[in-house]
Amino acid sequence: MKINNILFVSPLNQEIQDLIENYALEKEFRYLTEDELRDEDLVWADAFVSFKTRSSYDYSKVTWVHSLGAGVDNFLLQKNWNENVILTRTICSFGERISEYCLSYILKDLQFHNQFLYHQSDKHWKPITPKMLKEAKVMIYGTGEIGQQIAQVLSFFGAEVYGVSLSGKQKQFFKEVLTVDAHFSLLNEMNYMINTLPLTENTEHLFNEDIFKHLSSIGFINVGRGESISESDLLQALELGQIRFAVLDVFRDEPLPQDNVLWKHPNVVITPHISAVTTSEEAVECFVETLENLEKDKPLRNIVDVKKGF
2 MKINNILFVS PLNQEIQDLI ENYALEKEFR YLTEDELRDE DLVWADAFVS FKTRSSYDYS
62 KVTWVHSLGA GVDNFLLQKN WNENVILTRT ICSFGERISE YCLSYILKDL QFHNQFLYHQ
122 SDKHWKPITP KMLKEAKVMI YGTGEIGQQI AQVLSFFGAE VYGVSLSGKQ KQFFKEVLTV
182 DAHFSLLNEM NYMINTLPLT ENTEHLFNED IFKHLSSIGF INVGRGESIS ESDLLQALEL
242 GQIRFAVLDV FRDEPLPQDN VLWKHPNVVI TPHISAVTTS EEAVECFVET LENLEKDKPL
302 RNIVDVKKGF
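Residues in the sequence shown are numbered from 2 upward in steps of one, following my numbering.
As structure tokens, this is what we get:
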């Protein structure tokens, strides 16, 4: 496959352009904002590269679409995709970053950081024996590259890690992988739940009362997509003690509106979608690698199955 004309639509265009120039690629590039993008640009382009766009474009005009992020729901969800157009996504250090993010909040809980800070404020000397990861059971939703990396890190410290996936196919670092329909019986044994799932029609509002009612004082971490959670059911689960605390990095509306009650909930930690930041350097490196593999007809490790949505 030959790619000649490449269109970038990103707020990081200047950084990306500077980095692209270091590769001396013999291609034609256009770097546009969404407001500058016109239909004739898509007609001109062989490749469209972006992170997240506000509008729905006719991607059938190009040969290849590449997402600068790991998620592709912005391109696929509730849209018709021309299967002649190749869709790829960015794969870089997401697994490492998200693993460390999740590990930090689990250790914070096991080591009683909040309690000791509270006691310190009162100058109260009250020893509490920290718990250990080898005592914990963790359920990870999504057993792809990111889910496997988290499972590897947690299992290294002795945690008992289970996975949930569409297929239920067994994967390394998981004690067992179950399907969504078959995992309910284990939920009341879990100490922590982590969502890494992409947003598809099957995962939208997956985390609702039907799952939460099986939980008992669990720690819940969402690094997948905000739309996967029913916020009203999450709040109810927090009130009922089914969820002891929630760490939320992704939301349906971002930035999270200031009137959202999650901001002030005492058992919720909010982070501004930083668990897996794509640096410009990593994004360009993955893009160039994918471009070279496409043109040499090599296998693409980051190609998206547009029917599955990931």
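Each residue gets a CB set at the ideal place from its N, CA and C atoms; glycine is no exception.
What you are looking at is a predicted structure, and each value in this text was computed from that prediction instead of being measured.
Residues bridged to residue i [DSSP beta-bridge criterion]
| i | result |
| --- | --- |
| S166 | T180 |
| E248 | Per the sequence shown, residue 248 should be read as Val rather than Glu. According to DSSP, which records beta bridges pairwise, V248 is partnered with I222 and V270. |
| H67 | V50 and T89 |
| R31 | L8 |
| N196 | Y142 and N223 |
| I230 | F208 |
| E161 | K138 |
| I313 | In the structure as shown, the chain starts at 2 and stops at 311, and residue 313 therefore has no counterpart that could be examined. |
Among the options, nearest to residue i - alpha-carbon criterion
| i | options | result |
| --- | --- | --- |
| I147 | Q121, L207, S166 and M133 | S166 |
| E16 | G310, V289, V162 and E282 | E282 |
| I4 | L13, E27, D234 and D19 | E27 |
| K265 | A277, F246 and T280 | F246 |
| K176 | K80, S168, G70 and Q153 | Q153 |
| E161 | S168, G143, V139 and T144 | V139 |
| V307 | I21, V73, V50 and D42 | V73 |
| K262 | E232, K135, E290 and P273 | The sequence given here places Val at residue 262; Lys does not occur at that position. Answer by Cα proximity: E232. |
| Q237 | D250, Y60 and D211 | D211 |
| T54 | E37, W45, D40 and F76 | F76 |
| N83 | Y60, V44 and S100 | Y60 |
| H215 | L241, I107, L188 and Q121 | L188 |
Whole-Å CB distance - residue i paired with residue j, under 8 Å assumed
| i | j | result |
| --- | --- | --- |
| S229 | E205 | 7 Å |
| Q243 | S276 | In fact, because the Cβ distance is near 23 Å, the residues do not count as touching under 8 Å. |
| D42 | T64 | Contact doesn't hold; Cβ gap of about 14 Å is too wide. |
| N268 | L239 | 5 Å |
| R31 | L8 | 5 Å |
| K135 | F158 | 7 Å |
| L111 | K127 | About 17 Å separates the two Cβ atoms, so there is no contact after all. |
| I271 | L249 | 6 Å |
Heavy atom of the ligand ADP within 7 Å of residue i beta-carbon
| i | result |
| --- | --- |
| T280 | Ligands are entirely absent from the displayed structure, and the ligand ADP is therefore not among its contents. |
*Inter-stretch contact at 8 Å, needing at least 3 Cβ pairs: the stretch 193-200 / the stretch 218-227*: yes
*Are there three or more Cβ pairs, one per stretch, closer than 8 Å when the stretch 82-94 is compared with the stretch 65-72?*
yes
*Decide yes or no for the touch test of the stretch 6-26 against the stretch 278-297: beta carbon pairs closer than 8 Å, at least 3 of them.*
yes
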